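Student: Just so you know, we're using my numbering here: the sequence shown kicks off at 127 and counts up by one. Beta carbons: idealized from backbone N, C-alpha and C, even for Gly. A quick note: this is a predicted structure, and the numbers were derived from the prediction, not measured.
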Amino acid sequence: MSVDLSQFHQVFFEESFEGLDVMESELLDMDPADVDDETVNNIFRAAHSIKGGAGTFGFMPVSEFTHVLETLLDEIRSGKRSMEPRYVDLFLQSVDCLRGMLSDMQDGNDPETERPAELRKEFEVILGMEQESAASENTDADSDEKDHGWLIDVHPHTDLLMTGNEPFRMFRELRELVGEDSFDVTADIDNVPELSSLTPEECIINWQIKVTTSVPLEDIKAIFEWVEDECDLTYSPLTGDADTTADNSTIPDQKAPEEQEQQSQETPEVVAEKAPVIAEAQKAAKPAKAPKKAAESSSIRVSIDKVDSLINMVGELVITQSMLGQLGQDFDLSRLAKLQEGLSQLEQNTRELQESVMKIRMMPISFAFSRFPRLVRDLGGQLGKKVILETIGEQTELDKTVMEKINDPLVHLVRNSMDHGLETTEKRIAAGKSEEGTITLNAYHQGGNIVIEVADDGAGLNEDRILSKAIEKGLVPENNNLTPEEIHNLIFLPGFSTAEAVSDISGRGVGMDVVRRNIQALNGSIEVKSQRNVGSTFIIRLPLTLAILDGQLVKVCEETYIFPLVSIVESIQIHRSSLNHVTGSQYVMQLRDEYIPIVRLDQIFGLRDDKDVVDEMMLVVVEGDNEKIGIVVDDLLGQQQVVIKSLEQNYQKVSGISGATILGDGTVALIIDISSIGKNIVPVKRNQNRSERAA
127 MSVDLSQFHQ VFFEESFEGL DVMESELLDM DPADVDDETV NNIFRAAHSI KGGAGTFGFM
187 PVSEFTHVLE TLLDEIRSGK RSMEPRYVDL FLQSVDCLRG MLSDMQDGND PETERPAELR
247 KEFEVILGME QESAASENTD ADSDEKDHGW LIDVHPHTDL LMTGNEPFRM FRELRELVGE
307 DSFDVTADID NVPELSSLTP EECIINWQIK VTTSVPLEDI KAIFEWVEDE CDLTYSPLTG
367 DADTTADNST IPDQKAPEEQ EQQSQETPEV VAEKAPVIAE AQKAAKPAKA PKKAAESSSI
427 RVSIDKVDSL INMVGELVIT QSMLGQLGQD FDLSRLAKLQ EGLSQLEQNT RELQESVMKI
487 RMMPISFAFS RFPRLVRDLG GQLGKKVILE TIGEQTELDK TVMEKINDPL VHLVRNSMDH
547 GLETTEKRIA AGKSEEGTIT LNAYHQGGNI VIEVADDGAG LNEDRILSKA IEKGLVPENN
607 NLTPEEIHNL IFLPGFSTAE AVSDISGRGV GMDVVRRNIQ ALNGSIEVKS QRNVGSTFII
667 RLPLTLAILD GQLVKVCEET YIFPLVSIVE SIQIHRSSLN HVTGSQYVMQ LRDEYIPIVR
727 LDQIFGLRDD KDVVDEMMLV VVEGDNEKIG IVVDDLLGQQ QVVIKSLEQN YQKVSGISGA
787 TILGDGTVAL IIDISSIGKN IVPVKRNQNR SERAA
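1. Can you say whether G441 is buried or exposed, counting buried as having 16 or more other CB atoms within 10 angstroms of its CB?
2. What is the C-beta distance between L515 and P490, in whole angstroms, given that I count them as a contact (C-beta under 8 Å)?
3. In chain order, which alpha helix (DSSP H) runs of at least 4 residues are fully inside the segment 141 to 179?
4. Report yes or no: do three or more beta-carbon pairs, one from the segment 325 to 340 and one from the segment 202 to 216, lie closer than 8 Å?
5. Looking at the strands, I want to know which residues DSSP matches up with M715.
6. Is it right to say D273 is buried, meaning 16 or more other beta carbons lie within 10 angstroms of its own, or is it exposed?
7. Run through DSSP, which three-state label would D236 get?
8. Helix, strand or coil, according to DSSP, for C357 in the structure here?
9. How long is the line joining the alpha carbons of Q646 and S801, rounded to whole angstroms?
10. Start and end of the alpha helix (DSSP H) containing D728?
11. Could you round the C-beta distance between T787 and I666 to whole angstroms and report it? I think they count as a contact, below 8 Å.
12. Report yes if the CB atom of E356 is closer than 8 Å to the CB atom of P282, and no otherwise.
13. Name the two residues that bound the continuous beta strand (DSSP E) containing M827.
14. Count the other CB atoms within 10 Å of the CB of Q521; is the residue buried (16 or more) or exposed (fewer)?
15. Which residues share a DSSP beta bridge with G661?
16. Measure the C-alpha to C-alpha separation of Q452 and T793 and round it to an integer number of angstroms.
17. Can you give me the Cβ contacts of P781 inside the same chain, cut-off strictly under 7 Å, excluding the 5 residues immediately before and after it?
18. So the alpha helix (DSSP H) T607 belongs to, where does it begin and stop?
19. Just grab the DSSP bridge partners of W276 for me.
20. Taking only runs of the beta strand (DSSP E) that begin and end inside the segment 737 to 794, which ones reach a length of at least 3 residues, in chain order?
21. Rounded to a whole number of angstroms, what is the C-alpha to C-alpha distance between Q133 and D760?
22. At the level of alpha carbons, what is the spacing between P535 and S151?
23. Starting from E344, follow the alpha helix (DSSP H) in both directions and report where the run begins and ends.
24. Just reading off the alpha helix (DSSP H) that Q508 is part of, what are its end residues?
25. Of the choices V714, N706, D728, whose alpha-carbon is the least far from that of V747?
26. Which same chain residues end up closer than 7 Å to L321 when comparing Cβ atoms and leaving out the 5 residues on each side of it in sequence?
27. Skipping 5 residues on each side, what residues in its chain have a beta carbon closer than 6 Å to that of Q388?
28. Does DSSP classify N615 as helix, strand or coil?
29. DSSP has L675 in a bridge; who is on the other side?
30. Classify C683: buried if its beta carbon has 16 or more other beta carbons within 10 angstroms, exposed otherwise.
31. On the three-state DSSP scale, how would you describe S423?
32. Cβ atoms of A494 and I445: under 8 Å apart, would you say?
33. For the beta strand (DSSP E) containing D314, list its first residue and its last residue.
34. Any idea if A556 is buried or exposed, counting beta-carbon neighbours within 10 angstroms, 16 or more meaning buried?
35. Where does L601 sit, in a helix, a strand or coil, going by DSSP?
36. If G113 and G547 are in contact, beta carbons under 8 Å, what's the gap, nearest whole angstrom?
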């Protein structure tokens, strides 16, 4: 019977990447001079699980490489050697190497071989030092133990195959450990029923394995630890007559304490004689048990496709509720009150269901922040800078899709802050600062958005240098009157860079515009605040989810559009005469103590000519990318929760439109992209503000 293990591959890769994250986190938090046993055990358990899983699924390059790593970890946890800083660095490099190998295999490619071979040699050099010393001191003892070994009885539970494990994979690994000439396996088929009664999914064959080797028992048991819950395992010392020894002296696996007690009562003198061996084997095996927290966890794995399908169903429910709501408005029979009551309850249930489903996709941002301790540590070493990383708001939640897409922009911002923001140790001391720079990652909710801040306490942005470079590149005229905030935002222009030399740390000066573009693709925005010799803070605002939106319905001509409710500042009634013409077809309006650029949707989308514009208008003041603009509409139709449907699957990216939705009456309404609409009118606002300042 052969089980198709490919169905378990995705789970293996997910668990392996989680294990690597655990290893990396524990290694980064570790003080080599004061290492506690639990930390080393956590790292060992993660490595051992990856090795066992890789061996089970036939990913031998990963299994073999992890075995070497695990050997050094085992010597550290058993007290044979102490943890050293160089070991920590080697383990971290191995985590990166394993992550790359697993990624290659997940994509169906062969893993890299050169880097694993280099690291493996480093492990072998470290391990070989003590092994050669031990070999020179114990040559006689080794020759005496050469003919000794173990008799291993393997009695699998009938459901072993259903867990994705195959005994022959373990046998092959054991044969590689002890050598082919020292390995003999016998199958016990007494329990095999008649062919007509055979159940292919059940494992009904027992095995007896005889190994003649000086390999320690704990190394042999480590091979079977992956299935110790699915097998009854018994280890018997093999000395002299193997059959006699097996009958009189048996060391059961720790999973069967009642067998151990029974053997102690039957042959006390033999067990006493072998007690040191038993105690040592038990001591070595104990830390490899799975952590209790894993058994107590109540979380489950859910395919993202299933969650997306559920979210789509909730979206359809929202549409149905909206349709019924519109029907209820025109329903004038005696049962109208009853219908209205039912619709109210449906709306409440829909909202609660939607919130519950959306929480499935929500994850704490600590998953994104967890990669930065390693990044800061490595970059600090490359740059020769002492850097402290502080994280705030790690339990702030956001949509999993948003989190995945924000990773690269965050990495670029952190690398940029470390390379260009933080000063060298000498410059910090000369400026009266501490020699250690600080990078702060902060996340918090604000309205319907999540705000992520990347801050440093470095030198801040050099406004004169930025402006000079912008003039040199022809991005702004020499006679300009830009505010400090406007100068800061020049760094987001394509190709802009003040770096004097190309660096592989923060890129080649083409990254900040990509950062902003990626964030805007998520319907988000980014701004920077900076103060000389104090530091800089990049502020990212993102929607909590990309699936459902609270929107304001507006009417322009005969069309209905939707504004994100979180972007609206206020709505006011205006007269056409209050608009001031600036240039071309652009207008501004003075609203209290500031000038607001005006956008007409009917002009942008070509819905009517200027001669058809009415005198009385409704102005919706919105804010995008920290800039206020006024959008002229004909009427406000009310607020409604809508399901966002992407247009890019069937159309290309449409400027000014972020998506579409289906309203209750079945019509399609376009969702306005506030940031995109505002891009074309910001220069108008600047010119007007400069005119006011000049006046």
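Tutor: In brief:
1. Of the other Cβ atoms in all chains shown, 16 or more fall within 10 Å of the Cβ of G441; this residue is therefore buried.
2. Their Cβ separation, rounded to whole angstroms, is 17 Å, which puts L515 and P490 out of contact at 8 Å.
3. The segment 141 to 179 contains no whole alpha helix (DSSP H) run of 4 or more residues.
4. Here the segment 325 to 340 does not lie against the segment 202 to 216, with fewer than 3 beta-carbon pairs under 8 Å apart.
5. Under the DSSP definition of a beta bridge, M715 partners with I722.
6. Below a pLDDT of 50, predicted positions are generally treated as unreliable, and D273, at 49, falls in that range; no measurement from the model is reported.
7. Coil, per DSSP.
8. Here C357 sits in strand by DSSP.
9. For Q646 and S801, the distance between alpha carbons rounds to 8 Å.
10. Residues 727 to 730.
11. Their Cβ separation, rounded to whole angstroms, is 25 Å, which puts T787 and I666 out of contact at 8 Å.
12. For E356 and P282, yes; Cβs fall inside 8 Å.
13. Only positions 127 to 821 of the chain appear in this structure, which leaves residue 827 out of reach.
14. Under this definition Q521 is an exposed residue.
15. Residue pairing of G661 in beta bridges, as defined by DSSP: Q657.
16. When rounded, the distance between both Cα atoms is 12 Å.
17. Correcting the residue type first, residue 781 is Ser in the shown sequence and not Pro. Cβ neighbours of S781 beyond the five flanking positions: S802.
18. Residue identity differs from the one stated: residue 607 is Asn in this sequence, not Thr. No alpha helix (DSSP H) contains N607, which DSSP labels as neither H nor E.
19. According to DSSP, which records beta bridges pairwise, W276 is partnered with V337, P363.
20. Counting only runs of 3 or more, we get 742 to 750, 753 to 759, 761 to 769, 783 to 788.
21. In a straight line, the C-alpha of Q133 is about 56 Å away from that of D760.
22. Looking at the two C-alpha atoms, the distance is approximately 22 Å.
23. DSSP places E344 inside the alpha helix (DSSP H), whose first and last residues are 343 to 350.
24. 498 to 509 is the span of the alpha helix (DSSP H), which, as asked, contains Q508.
25. Measuring from the Cα of V747, the nearest candidate turns out to be V714.
26. Once the five neighbours on either side are set aside, L321 has no close Cβ partner at all.
27. The pLDDT assigned to Q388 is 44, lower than 50, so where the model puts this residue is not dependable, and the model offers no usable value.
28. DSSP places N615 in the helix class (H, G or I) of the three-state scheme.
29. DSSP output for L675 lists V768 as bridge partner(s).
30. Flag for C683 reads exposed.
31. With a pLDDT of 37 at S423, under the threshold of 50, the modelled position of that residue is not reliable, and no figure is offered here.
32. Result no, Cβ atoms of I445 and A494 do not sit closer than 8 Å.
33. Element bounds for D314: 309 to 314.
34. With fewer than 16 other Cβ atoms within 10 Å, it is exposed.
35. Coil at L601, not helix or strand.
36. Because residue 113 is not part of the residues shown, which for the chain are 127 to 821, the question remains open.
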